[in-house]
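**Student:** Got a structure for you, questions after.
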Amino acid sequence: MELENDPERVSILDEIFRSAHTLKGMAATMGYTTMAELTHKMENVFELLKTGKLAADEGIVTLIFDCLDMLSAIVDDLRAENEGEQDTTTLKNKLDNLLASTKGAPKDEIVSEAKLNETTIDDSNFALEKLDSSDISVIRDAHEKNYHAFFIKVSLDETSMMKNARVYVVINKLEKSGDILYSDPDVVTMENEDFGNEFTIVYLTKTEKTAVEEQILETSEIECVVIHEITAEDLNAETAVVDAAIHPEADEQNAETETKPTIIAKPKQATNHNNAMNQSIRVDIEKLDSFMNLVSELVIYRTRLEEINEDLQRSELREPLEQVSRIATDLQELVLKIRMQPLSVVTNRFGRMIRDLSNELEKDIDLVIEGDDTELDKTVVSELGEPLIHLLRNAVDHGVETPEARTAKGKNPKGTIRITAYQEGNRVFLTVSDDGKGVNPTVIKESAGRKGIETDHLSDKEIQQLIFHPGFSTAVNVTNISGRGVGMDVVKQKINELGGTIEIISEVDKGTAFRMSLPLTLSIIQALLVTVGTEQFALPLGVVRKVIRPEPEEIVQTHTGEVYYFEDETIPVVRLQDSLDIHTGVEEKPYLIIVKIDERLYALAVDNLIRQQEIVIKELGKELKTINKYLGATIMGNGNIILILDITAICNERNVAVYV
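In my numbering, the protein residues as written are 2 to 661.
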């Protein structure tokens, strides 16, 4: 897509060309013929793009995307051990037609293979001086048994992205018909890719020189191969040097001969490199979940120990408990970091989607992504894909106007959809916005009226929030992209399930923004513990704005329910004892917990406050999952189980009662 927007940018073409070249080589090496043939033809097209014989227009980019989709399907088949299931004939024909349509296009051999370098090597370039006397003796014995001894110097393509793989393929081929006596650098160094673009070996085999050359040149990304057969004369010349090195009575000139490193070079350093290369390992997500559960249990018992010590007041326990608490906190932070993934895991695929939808609707839209390196828990990231796709498709279909309509309004013909993300505290704030026509409150009000929803008492901002109601849509026509009367309620439900909130901010002809607030993790949260009657509950602290205790007369009864006047705004009061069906009588002077849900304030009435505490979220059983007023449960230090309230669901229930 960057290439389509900036076809003259050589660096992009170079990067794409290198990737295609590497993929082709690896596919050919591993015997994946279908993939190798397709990537080879793609590589030819990229070469023409590099040389300026082709321009990266929409048609070519679309064809490349189609090829990438096919490659992805081939990879999926390979994972399922179904190689050969995909038919690439149509795509290869399209690529061939594209190549044939270009005047002076190169033939199938557009990317030149490495040619054998016939340059004669001087003895000074040999690795022979690095061999000890026992190695030379082995070569002499090999000669007596009719073996060839070859000095081989291999130069890799400078653009090779997996040098160790190339080395492995070459050595593996050669070892099938001979033995490698010596390599420079040593095998460990080459495995770690801690070398330049060249490596040398001394090879013993009965295979002829030409056949050895062919074996090596079959490997992709080989720039140059030089082979010299080591003769008896070469060995005799080297023997003098070796003798001078091992006999101290040799003349002064020979005594000053520099001693070369042996086959195993700097073993300690090689070990360090090996450690550096093994810093990343794959871990099954189930193991991480188990790790997280164990840490969660540790957090619970840490809290329990702290409560016990508060009761006992034993000074000798204070320091050990502080150490345990600190270690538990460090371990908790560590496991949370391990589970983190960047948002780019989800957003990387959106550029292609926006491009295809824009072309389908004949619109011109740029997608700008900022802060996609922001990290969240893997579970949150994996669940975000579907709601974000809903928002983006709606923005393309209903938000951004056609170029003609935008021009008539004095706007840039090209629209912009923007995704921004940033972390603040233990939450991530994510916004999907566009500079389109916005959401008209009047249109929403008319649609709400047809559905029997009362809107006279609502502000324009509150009316816009109705877009999240189930089945609510302002679309006139149903399309394949959006406007089917479903979607926005699904988005809201999914964000709420992730412990987040979503709100819409829109201005007619200016654009629309959907702002989401999400927790970094779904496992451990900060909560406010409260009592309602004799029962204890936990409220996620992320939605709490303020806690107050007003006088009884400050809570006013209206025809829509109780309200409280807060910061120049009348907000609804939600008595949790009524919402949770707890009959203990009305507290004359309750605490009001001011929360913000969907850009609207509510006052939750509770009997008492206990404390703020970090809690571990546990899933509810099947029987309780159907009750949408609870996010889960937590186990307290004393073993008691406390339910965690779903504040969004409770407040939305109050909304429904008001609207209808």
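Think of the CB as a built atom: it goes at the ideal place given N, C-alpha and C, for glycine as much as any other residue. Values in this document were obtained by computation on a predicted structure and should not be read as measured data.
From the DSSP output, in three-state form, read off Asp195 for me.
**Tutor:** One-based indexing of the sequence shown puts residue 195 at position 194. Correct three-state label for Asp195: coil.
**Student:** Give the secondary structure of Ala266 by DSSP, where H, G and I count as helix, E and B as strand, and everything else as coil.
**Tutor:** Counted from its first residue, the sequence shown places residue 266 at position 265. The predicted model places Ala266 with a pLDDT of 31, which falls under 50 and marks its position as unreliable; any figure quoted below should be read in that light. Note: Ala266 maps to coil in three-state DSSP.
**Student:** Ignore the nearest five residues each way along the sequence and tell me which others in Val347's own chain have a CB closer than 7 Å to its CB.
**Tutor:** Reading the sequence shown from its first residue, position 346 is the one you call residue 347. Closer than 7 Å at the Cβ level, and outside the excluded window around Val347, lie Val382, Leu385, Gly386 and Leu389.
**Student:** Could you give the first and the last residue of the continuous alpha helix (DSSP H) run that contains Pro667?
**Tutor:** Lying outside 2 to 661, the shown extent of the chain, residue 667 is not represented and no answer is given.
**Student:** Any idea what DSSP makes of Asp435, helix, strand or coil?
**Tutor:** Taking the sequence shown and counting its residues from 1, the one referred to as residue 435 is at position 434. Here Asp435 sits in strand by DSSP.
**Student:** Can you tell me whether Asp187 is buried or exposed? The criterion is at least 16 other CB atoms within 10 Å of its CB, across all chains shown.
**Tutor:** The count along the sequence shown starts at 1 and reaches residue 187 at position 186. Buried, by the Cβ-count rule.
**Student:** Of the residues Glu44, Val203, Lys174 and Asn629, which one's Cα is nearest the Cα of Thr220?
**Tutor:** Indexing the sequence shown from 1 puts residue 220 at position 219. It is Lys174 whose Cα lies nearest to the Cα of Thr220.
**Student:** Just how far apart, CA to CA, sit Glu199 and Lys154?
**Tutor:** Residue numbering aside, residue 199 sits at position 198 when the sequence shown is read from its first letter. Residue numbering aside, residue 154 sits at position 153 when the sequence shown is read from its first letter. Going from the Cα of Glu199 to the Cα of Lys154 covers about 7 Å.
**Student:** Give me whichever residues DSSP pairs with Asp398 in a beta bridge.
**Tutor:** Along the sequence shown, one-based indexing puts residue 398 at 397. Answer is none; Asp398 lacks a bridge partner.
**Student:** Closest to Arg546 by C-alpha separation, out of Asp373, Val509 and Ile594, would be which residue?
**Tutor:** Sequence index remark: in the sequence shown, residue 546 carries index 545 (1-based). Minimum Cα distance to Arg546 is reached at Ile594.
**Student:** Where Gln216 and Lys210 are concerned, what is the direct C-alpha to C-alpha distance, given to the nearest angstrom?
**Tutor:** Here the question's residue 216 lines up with position 215 in the sequence shown. Here the question's residue 210 lines up with position 209 in the sequence shown. Their backbone Cα atoms lie some 10 Å apart in a straight line.
**Student:** Measure the C-alpha to C-alpha separation of Arg167 and Leu182 and round it to an integer number of angstroms.
**Tutor:** Locating residue 167 in the sequence shown gives position 166, where the first residue counts as 1. Locating residue 182 in the sequence shown gives position 181, where the first residue counts as 1. Cα to Cα, Arg167 sits roughly 19 Å from Leu182.
**Student:** Could you say which of His470, Asp510 and Ile506 lies nearest to Val491 if we only look at CA atoms?
**Tutor:** What you label residue 491 is simply residue 490 of the sequence shown in a count that begins at 1. For Val491, the nearest C-alpha among the options comes from His470.
**Student:** Can you give me the Cβ contacts of Ser184 inside the same chain, cut-off strictly under 6 Å, excluding the 5 residues immediately before and after it?
**Tutor:** Here the question's residue 184 lines up with position 183 in the sequence shown. For Ser184, where only same-chain residues beyond five positions count, the Cβ hits under 6 Å are Ile202.
**Student:** To the nearest angstrom, how far is the alpha carbon of Thr456 from that of Asp290?
**Tutor:** Translated into the one-based positions of the sequence shown, residue 456 becomes position 455. Translated into the one-based positions of the sequence shown, residue 290 becomes position 289. C-alpha separation (whole angstroms): 45 Å.
**Student:** In terms of residues, what are the limits of the alpha helix (DSSP H) holding Arg451?
**Tutor:** Locating residue 451 in the sequence shown gives position 450, counting from the first residue. Run containing Arg451: Pro442 to Arg451, per the alpha helix (DSSP H) assignment.
**Student:** Can you pull the DSSP bridge partners for Ser184?
**Tutor:** Residue numbering aside, residue 184 sits at position 183 when the sequence shown is read from its first letter. According to DSSP, Ser184 bridges with Ile202.
**Student:** Going by DSSP, which residues form a beta bridge with Ile526?
**Tutor:** As a working note, residue 526 is residue 525 in the sequence shown. Paired residues: Ile616.
**Student:** I'd like the list of long-range same chain contacts for Glu589, defined as Cβ closer than 8 Å, with 5 residues on each side in sequence excluded.
**Tutor:** As a position in the sequence shown, residue 589 is number 588, starting the count at 1. These residues qualify, in order along the chain: Pro553.
**Student:** Exposed or buried, which one is Met36 when buried takes at least 16 other CB atoms within 10 Å?
**Tutor:** Stepping through the sequence shown from its first residue, residue 36 is reached at position 35. Buried.
**Student:** Sort Thr206, Ile611, His458 and Gly426 by Cα distance to Lys146 and report the nearest one.
**Tutor:** Along the sequence shown, read from residue 1 onward, the residue named residue 146 stands at position 145. The option with the nearest alpha carbon to Lys146 is Thr206.
**Student:** Near Lys410, which residues of its chain fall below 7 Å by C-beta distance, leaving aside the five closest residues on each side in sequence?
**Tutor:** Numbered from its first residue, the sequence shown carries residue 410 at position 409. Correct list, in chain order: Asp510.
**Student:** How many Å lie between Ala539 and Lys630 at the Cα?
**Tutor:** Along the sequence shown, one-based indexing puts residue 539 at 538. Along the sequence shown, one-based indexing puts residue 630 at 629. The alpha-carbon atoms of Ala539 and Lys630 are separated by roughly 12 Å.
**Student:** Within the same chain, show all residues whose beta-carbon is closer than 6 Å to that of Glu334, passing over the 5 residues directly before and after it, in chain order.
**Tutor:** Taking the first residue of the sequence shown as 1, we reach residue 334 at position 333. So no residue of the chain qualifies.
**Student:** How big is the Cα-Cα spacing for Asp435 and Lys54?
**Tutor:** Walking along the sequence shown from the start, residue 435 turns up at place 434. Walking along the sequence shown from the start, residue 54 turns up at place 53. In a straight line, the C-alpha of Asp435 is about 37 Å away from that of Lys54.
**Student:** From Asn98 to Leu393, what does the alpha carbon distance come to, in whole angstroms?
**Tutor:** As a first step, residue 98 must be located in the sequence shown, where it is residue number 97. As a first step, residue 393 must be located in the sequence shown, where it is residue number 392. Cα-Cα distance, rounded: 35 Å.
**Student:** Could you check what DSSP says for Tyr631 in three-state terms: helix, strand or coil?
**Tutor:** Within the sequence shown, residue 631 is the residue found at index 630, counting from 1. Correct three-state label for Tyr631: strand.
**Student:** Might you give, ordered along the chain, the residues of its own chain that have their beta carbon closer than 7 Å to the beta carbon of Ala74, omitting 5 neighbours on each side?
**Tutor:** Residue mapping note: residue 74 aligns to position 73 of the sequence shown, counting from 1. Closer than 7 Å at Cβ, skipping near neighbours: Gln87.
**Student:** Quick test of the definition: if touching needs 3 or more C-beta pairs under 8 Å, does the segment 395–405 touch the segment 415–433?
**Tutor:** Enough Cβ pairs lie closer than 8 Å, so yes.
**Student:** I'd like the list of long-range same chain contacts for Gly534, defined as Cβ closer than 7 Å, with 5 residues on each side in sequence excluded.
**Tutor:** Position 533 of the sequence shown, counting from 1, holds the residue named residue 534. Gln578, Ile583, Thr585 and Asp608, listed in sequence order.
**Student:** Considering only the alpha carbon of each residue, which of Glu463, Ala606 and Pro520 lies closest to Val531?
**Tutor:** Walking along the sequence shown from the start, residue 531 turns up at place 530. The option with the nearest alpha carbon to Val531 is Ala606.
**Student:** Under 8 Å, do Leu523 and Ile618 count as touching if we go by C-beta distance?
**Tutor:** For this step, residue 523 is matched to residue 522 along the sequence shown. For this step, residue 618 is matched to residue 617 along the sequence shown. Yes; because the gap between Cβ atoms is below 8 Å, this pair is in contact.
**Student:** Report the residue ranges of all beta strand (DSSP E) runs contained in full by the segment 278–357; include only those spanning at least 3 residues, in chain order.
**Tutor:** Within the segment 278–357, the complete beta strand (DSSP E) runs of at least 3 residues are 341–343.
**Student:** Can you say whether Glu253 is buried or exposed, counting buried as having 16 or more other CB atoms within 10 angstroms of its CB?
**Tutor:** Residue 253 sits at position 252 when you count from the first residue of the sequence shown. Note that Glu253 scores 46 on pLDDT, short of 50, meaning its location in the model is unreliable and no value can be drawn from it.
**Student:** Please classify Tyr423: is it buried, with 16 or more other beta-carbons within 10 angstroms of its beta-carbon, or exposed?
**Tutor:** Translated into positions along the sequence shown, residue 423 becomes position 422. Exposed: under 16 other Cβ atoms inside 10 Å.
**Student:** At the level of alpha carbons, what is the spacing between Val296 and Lys438?
**Tutor:** Along the sequence shown, read from residue 1 onward, the residue named residue 296 stands at position 295. Along the sequence shown, read from residue 1 onward, the residue named residue 438 stands at position 437. Their Cα atoms are separated by approximately 49 Å.
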